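Per the UniProt record's numbering, the very first residue in the sequence shown carries number 1; after that it's consecutive.
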Amino acid sequence: MTSPQLPRRSLLLAGLGVIGVGALAACTSGGAGHAGDAAHASNTPHVGMDMGNGKTIGPVPSAGPSAGQKLVTATLTPKRTTLDLGGVTVDTWAYGDSVPGQAIRATAGDFLRVTVDNQLPADTTVHWHGIRLRNAADGVPGVTQDAIRPGARYVYEFTAPDPGTFFFHPHVGLQLDRGLYAPLILDDPAEPGGYDAEWVVVLDDWLDGVGTTPDDVLAKLIADGGPANGNGGMDGMGGMGGMDHGGMGGMNHGMGQAPWGDAGDVTYPHYLINGKTPTDPTTLSAKPGQRVRLRVINAASDSIFTVALGGHRMTLTHADGHPVQPTEVGAFYIGMGERYDAIVTLGDGAFPLVAAPFGKQGHALAVVRTGAGAAPGPDAMPSELGGQVFLGSRLLPSAGSRLPDRAPDATVNLTLNGAMKPYLWGMNGAPYGKNSPLLARAGQRLRINVVNMTMMSHPLHLHGPAFALADTGLRKDTLLLAPMESRQLDLDPEVGDWMVHCHNTYHAEAGMMILLSATA
Numbered sequence: 001m002t003s004p005q006l007p008r009r010s011l012l013l014a015g016l017g018v019i020g021v022g023a024l025a026a027c028t029s030g031g032a033g034h035a036g037d038a039a040h041a042s043n044t045p046h047v048g049m050d051m052g053n054g055k056t057i058g059p060v061p062s063a064g065p066s067a068g069q070k071l072v073t074a075t076l077t078p079k080r081t082t083l084d085l086g087g088v089t090v091d092t093w094a095y096g097d098s099v100p101g102q103a104i105r106a107t108a109g110d111f112l113r114v115t116v117d118n119q120l121p122a123d124t125t126v127h128w129h130g131i132r133l134r135n136a137a138d139g140v141p142g143v144t145q146d147a148i149r150p151g152a153r154y155v156y157e158f159t160a161p162d163p164g165t166f167f168f169h170p171h172v173g174l175q176l177d178r179g180l181y182a183p184l185i186l187d188d189p190a191e192p193g194g195y196d197a198e199w200v201v202v203l204d205d206w207l208d209g210v211g212t213t214p215d216d217v218l219a220k221l222i223a224d225g226g227p228a229n230g231n232g233g234m235d236g237m238g239g240m241g242g243m244d245h246g247g248m249g250g251m252n253h254g255m256g257q258a259p260w261g262d263a264g265d266v267t268y269p270h271y272l273i274n275g276k277t278p279t280d281p282t283t284l285s286a287k288p289g290q291r292v293r294l295r296v297i298n299a300a301s302d303s304i305f306t307v308a309l310g311g312h313r314m315t316l317t318h319a320d321g322h323p324v325q326p327t328e329v330g331a332f333y334i335g336m337g338e339r340y341d342a343i344v345t346l347g348d349g350a351f352p353l354v355a356a357p358f359g360k361q362g363h364a365l366a367v368v369r370t371g372a373g374a375a376p377g378p379d380a381m382p383s384e385l386g387g388q389v390f391l392g393s394r395l396l397p398s399a400g401s402r403l404p405d406r407a408p409d410a411t412v413n414l415t416l417n418g419a420m421k422p423y424l425w426g427m428n429g430a431p432y433g434k435n436s437p438l439l440a441r442a443g444q445r446l447r448i449n450v451v452n453m454t455m456m457s458h459p460l461h462l463h464g465p466a467f468a469l470a471d472t473g474l475r476k477d478t479l480l481l482a483p484m485e486s487r488q489l490d491l492d493p494e495v496g497d498w499m500v501h502c503h504n505t506y507h508a509e510a511g512m513m514i515l516l517s518a519t520a
């Protein structure tokens, strides 16, 4: 492959020069901000997703499956397509002809060989979100591989060692917000089960093809600063603390008022469960009294959701694929990139499964049907949404999911920074490409002291091995950080350059990323 071109967003950020970096360095509790690139339909990758600096990174061959290891193969075809989202027809990009794309399912320990046939008019990659894999297969252009050019094919090979609920998506520009995502489920051969059925529930916020594109919205954010709506216009924030929370701001999560501050920048015209709007929702069928496992994935780009099933309580069992002490809840928050598994015993009838975006109007809906009766209407809102809403970072790990007890060998500091004008996000006082990597050694325990120094919420995602919250031991790969929140994360790095970034796609594309570089 040829080396990647200098991304247009690189040029844009370079034009900001010292002013942009200085704005980030000076940002404390009073600001949050953004920047980005609007040239998605070209072959040019983006700064937030490509820091090749002219170097070429060819595929690194794997050793292949070991003797007796099961080989699981799949082919992904990212392409332009036309989709019916349930009364809304859009021209967009997808894996094949559906959103979400077809799930890949395997068993923990299997060897995956996935061929990507890029039929998009733009470069792409695939990132295997939450998977502990070899660095060369992580799917970050300019860091672990060259981008996959239009018309090219690329093969990812890796062992998927850990069971859990995961998903995959590009790591190029705003492609995630165009519908390029699908579940990756790794079954646990040792898990006892204890449920009758399983539903994979994928949440999304949607604007592509509805009079605008993600690139148009980002261009408007860059030009004006502040939040943008799905028609390319702007909604005034009235200061960082003044966003209209759509009547949802009073939700209680068991620790006082909902903590998310200004939870997003983009107002979406549609919210989806399994690719469908509330006017033509997905129906999930079972029998009364059955125990169902929900695997809930937030594939949205700018929306924190509150999830509830009308008339039911759920028992959370896993966070980002890791077992937790079972915790019964009426509703729970899920940030972008997070996954939660829950068990629910179903009543008799038809019930609304709702994901309400925090700080925004509208919601996503699926119908859970176990018997006769009218289906809940598109505006159905379970009463559980108005009660206590559980914060997933309060879960406690099961005994077998903890990291081995060990004191940190090294400590690094990580700040999340931003300023509204220019629309520019960063880490450690600078946007990606102008900040220095976090340094670590494989075989050592690393502690990351992270501080969100903005008045917005950020789902912080670490590629590679999952971290543990230092105070409780909860294992995760994506952590929803409230404004001004501080946490300590412990992890055992593996050799390679691993991305650390906000999983708000617009924030990442605007520079809220940094490398964690681990050497032997």
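From the three backbone atoms N, C-alpha and C, an ideal C-beta is built for every residue, glycine too. No experiment lies behind these values; they were computed from the predicted model shown.
DSSP places ASP205 within a strand segment (E or B) once states are collapsed to three. In this structure, GLU384 keeps its C-beta atom at 7 Å or more from the C-beta atom of GLY426. Put simply, the backbone Cα of ALA364 is about 39 Å away from that of PRO59. In the DSSP assignment, ILE334 is bridged to PHE305.
The distance from the Cβ of GLY275 to that of LEU85 is about 6 Å, consistent with a contact at the 8 Å cut-off. Ranked by Cα distance from ALA430, the options MET512, VAL90, ALA407, VAL210 are led by MET512. Annotated three-state conformation of ILE131 is coil, per DSSP. The C-beta separation of GLY392 from TYR333 comes to about 6 Å, placing the pair in contact by the 8 Å criterion. Here VAL200 has PRO183, ARG295 as same chain residues with Cβ atoms under 6 Å from its own Cβ, once five neighbours each way along the sequence are excluded. An exposed status is given to ASN413, since fewer than 16 other beta-carbon atoms sit within 10 Å of its beta-carbon. Judged by DSSP in its simplified three-state form, GLN290 adopts coil rather than helix or strand. Between the alpha carbons of MET314 and ALA342 lies a gap of roughly 6 Å. The residues ASP196, ALA197, LEU346, in chain order, have a CB closer than 7 Å to that of GLN290 in the same chain once the five nearest residues on each side in sequence are set aside. Between the stretch 122-132 and the stretch 144-160 there are three or more C-beta pairs closer than 8 Å, enough to call the two in contact. A distance of 7 Å or more separates the beta carbons of GLY443 and TRP498. Out of PRO281, GLU494, GLY359, the CA that lies nearest to the CA of VAL368 is found in PRO281. Under the 10 Å beta carbon count, ALA300 is surrounded by 16 or more other beta carbons and is classified as buried. When secondary structure is reduced to three states using DSSP, LYS79 falls in the strand class. Listed as beta-bridge partners of SER517 by DSSP are LEU439, ASP497. If you draw a straight line from the Cα of LEU284 to the Cα of ALA356, it is about 18 Å long. Only residues of its own chain outside the window of five on either side were considered, and among them ALA482 have a CB closer than 6 Å to the CB of PRO259, listed in chain order.
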